[in-house]
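Structure first, then comments.
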Amino acid sequence: MRRLLFIIQKEFIQILRNKAILPLITVLPVVQLIVLSYAANNEVKNVNMAIVDQDHSTYARQLIRKIQASDRFTLIEAPQAMQVADRLMQSGDADVVLVIPPDFEKHFLKQKNAEVQMLVNAINGQQATVGASYLSQIIQQFNREIQADAVPRMVVQKASGSSQIQIENANWFNPELDYKHFMVPGILGELVTILVMLLTAINVVREREIGTIEQINVTPIKKWQFILGKMIPFLLIGLLLMTIGLVAGKLIFDISIEGSLLTVFAYCALNLSAVLGLGLFISNLADTQQQAIFIAFFFVIVFVLMSGLFTPIESMPPWAQWLTVPNPIAHFVDVMRSVLLKGSTLSDVAHHFWITGVLVVIFNALAVMSYRKVV
Amino acid sequence: MWSTFLAFVRKETYHILRDRRTLAILFGLPVALILIFGYTVTNEFKNASIAVMNNAQDALSDELVRHLIASGHFNLVALPHHYGELEQAFQAGEIKLAVVIPREFEQQFYRNEKVQIQLIADASEPNYATTLTAYATQMIQQFQQAHVGQATAPYRIGIQTRMVYNPQLSSAYNFIPGLFAFVLLLISALMTSLTLAKEKETGTMDLLLVSPLPPLIIIIGKVTPYVVLSFINALIILAMGYFIFKVPVLGSLSLLLLLCLLYSVTALALGILISTRVDTQQTAMMTSLFSLMMPTMLLSGFLFPIESMPLLLQYISAIVPATYFIEILKSIMLKGTGWYFILQPTLVLVVMTAVLLLAAWKNFKVVTK
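Chains as they are written, first to last, in this note's numbering: chain E, 26 to 400; chain L, 311 to 679.
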């Protein structure tokens, strides 16, 4: 036990001695948390649009005013000719072009096909879909208003025929649809994981490069003591980062903390144990620091992209969903979101605990086995 | 002169080819990224898990449920009986959307009364919630129209939507240009900054500088193999995008490749600039990661739309070269535009490159003295 404490002490001295690494593990993650949370935003706002009004009727003008009133859409130009609108689209100045054809109002009042056209720049398909559905909602709402306004109530009821299914929407757990509330917990889990993984990945290989590993190898230290002594300091750093991140998230973004923080920290410790094992495994395998970082970088990118952090896991094909099982970041992101946003309890996220537990055993077994204690 | 230069390039090529693991990652990473982005990173929803709380349990409501499931987009996983169970299912992450059908659904529907269906979405993920709700709404309206027996209700404004440049809403149209910029930067900037830092770290840079070769030739000789390497990678991405994900090149291919070359030079200048300011590979790596890779991934419009960012980040994105390169790529590849529309971003890129090259050259001269 005392031996273990000595290694931990040595590790801490080494970490704290490097003045360059301290800001790297305290300030930088918080800066990243802030930048990422603001940047990693798939919200659709500030849609630049052009409206081609070929009707010039009261209704057309009302519709345009209604769209302008919405804070999501900015009307940049109202050209007369379709060619101008096409050009605006091509140069990227307008994301959406709405065309109100001639006789729009007349057709509407005569109950013929009153139709507007919407051209959406769909290079980013997801943004296009969400933007288009926002605009459709505005137009439909306008539709209801003028229905009630222009046409006597009786007629509407008779005309709209028999039944009317009304659809009421409720957005649970995040009523304002704030994207940052959704992203901050996930990003926090991701950042802590990446930092711990990169730090451990270069740790052992560095000792090998500068030769200090030989000195450790001639001491009576056991393999498991060595690995554990390497792990505990980084585990503590990870937990410290998590605390800083949660405080920053609460103060800056006012994220909701619905569930128990104990569950969050318990899972964080378990998850980091798995990540540490993987990091040390990479470190044992690599020949040089450069190689270690490249390999770790590769894993980090794959883990992050397939973690469900930026895109939902349910949308992936089945084989890719299976690949998320050994991905620690995927579990971390889901636990953070469930517990913090939805108030999920320990039993709700128990399966993540079980799977991560298995990962801890596998990764650390690999780490211990690959560490060759050769004098 | 020419033969010395070629000999130098050959020496550098041997260096690159010798480190097999790094080489494997250099070629493996772009391919892996394309496959990951192409097959797994998607926002389209399929098989979204939903719950139906059917308080009516009559023939019509069963039909509505069948109608929803038949779309193939929803996967019915739970049939809760009260809101408590519903909340539980949301918390356990089993469902993303719940449909609540009121009591006496059928009677009310046929008595021409107003019936209210409630859609509850797990909005912890806002975009997914919006998309699911919009889709379910559309399905229910379809169902209603089919039962009312009228094709279109009167006094209705129809909306005809056309998705321009990407009618199939393929996500590849968005990520292939982004990956292009990212991979060119990875090789041209990160690798060159590392290789130059390595020469400094191991002291071989001094050996090169006292050789009869002029410093300019040394630098050009060192970076030339990387330009070739990044060009090969660019072609791989272009081919994979074209053959696997059907991303077209509507505009001129030679114009595209010419501008790739320009961007490679920009990236090289960045790499050289970084290498003149650092002493070790580790610092070079960290600097490249945080000042080049991260902004290119996050702030260039590759993963997230620039328009949605706060103003400060938009300013930062305006000095990231990839922002302009991605704009150029999208114009040429997907919109098929010619010179006229890409003139402005190209000019910005040219000015940036000139400034960076000048800065790198000045720094390099200071270092060599």
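Yeah, the Cβ is synthetic: ideal placement off N, Cα and C, and Gly gets one too.
Since this is a predicted model, take the numbers as computed values, not measurements.
Less than 8 Å separates the beta-carbon of L/MET449 from that of L/SER381.
Here DSSP, grouped into helix, strand and coil, assigns E/MET74 to strand. The CB of E/ASN149 comes closer than 7 Å to the CB of ASN484 and PRO615 in chain L, given here in chain order.
Taking 8 Å as the CB threshold, L/VAL474 lines the interface with chain E.
Contact with chain L is found for E/TRP197, since one of that chain's Cβ atoms lies less than 8 Å from the residue's Cβ.
At a cut-off of 8 Å, the C-beta of L/PRO436 has a neighbouring C-beta in chain E. Of the residues L/PRO655, L/GLN454, L/HIS377 and L/VAL341, the one whose Cα lies closest to the Cα of L/TYR573 is L/PRO655. Between the alpha carbons of E/ILE262 and L/ALA669 lies a distance of about 38 Å. Counting only runs of 4+ residues, the alpha helix (DSSP H) found wholly inside the segment 336–372 of chain E occupies 343–348 and 353–362, in chain order. In this structure E/VAL141 is buried. Its beta-carbon is surrounded by 16 or more other beta-carbon atoms within 10 angstroms.
Three or more beta-carbon pairs drawn from the segment 597–613 of chain L and the segment 628–638 of chain L are found closer than 8 Å, and the two stretches are therefore classed as touching. Between L/TRP649 and the set L/VAL661, L/PRO615, L/SER562 and L/THR447, the nearest pair of CA atoms involves L/SER562.
Listed along the chain, the chain L residues whose CB falls inside 7 Å of the CB of E/ALA64 are LEU608, LEU609, PHE614, MET619 and LEU623.
Look at the beta carbons and you see the segment 505–516 of chain L not touching the segment 384–399 of chain E: under three pairs across the two are nearer than 8 Å. The DSSP assignment places complete beta strand (DSSP E) segments of no fewer than 3 residues inside the segment 99–139 of chain E at 121–125, in order along the chain. The C-beta distance from E/ASP128 to E/ASN73 rounds to 28 Å, too long to meet the 8 Å contact threshold.
Secondary structure of E/SER285 (DSSP, three-state): coil. Looking at E/THR244, E/ILE326, E/VAL109 and E/TYR396, the one whose alpha-carbon comes closest to that of L/LEU345 is E/ILE326. For L/LEU504, the C-beta contacts it makes with chain E under 9 Å involve GLN315, in order along the chain. In the DSSP assignment, L/LEU560 falls outside any alpha helix (DSSP H) and carries neither an H nor an E.
Identification of residues in the segment 336–353 of chain E having a C-beta nearer than 7 Å to some C-beta of chain L yields THR336, PRO337, GLU339, SER340, MET341, PRO342 and ALA345, given in sequence order. Interface flag for L/ALA402 against chain E is set, since a Cβ pair is found closer than 8 Å.
The DSSP-derived three-state label of E/LYS247 is coil. Taken atom to atom, the span from the alpha-carbon of L/GLN426 to that of E/GLN162 is near 18 Å.
The residue among E/GLN316, E/SER395, E/ILE50 and E/LEU348 with its C-alpha nearest the C-alpha of L/LEU336 is E/GLN316. E/MET394 is classed as exposed because its beta carbon has fewer than 16 other beta carbons within 10 Å across all chains shown. Residues of chain L whose Cβ lies closer than 7 Å to the Cβ of E/LEU144 are, in chain order, ARG472 and VAL474.
Judged by DSSP in its simplified three-state form, E/ILE326 adopts helix. Shown here, E/ALA147 sits in coil according to DSSP, grouped into three states, outside any helix or strand.
The C-beta separation of E/VAL358 from E/SER332 comes to about 5 Å, placing the pair in contact by the 8 Å criterion. L/VAL661 and L/SER627 have their C-alpha atoms spaced approximately 16 Å apart. Residues of chain E with a Cβ closer than 9 Å to the Cβ of L/ARG331 are, in chain order, ALA311, ASP312, GLN316, PHE319 and ILE320.
Taking CB atoms only, L/ALA433 has a neighbour in chain E less than 8 Å away.
Per DSSP, reduced to three states, the secondary structure at L/LEU429 is strand. Among the residues facing chain E, L/LEU429 is included, as its CB has a counterpart in that chain under 8 Å away. Beyond the five residues adjoining it in sequence on each side, L/THR590 comes within less than 6 Å, by CB distance, of GLU511 in the same chain, given in chain order.
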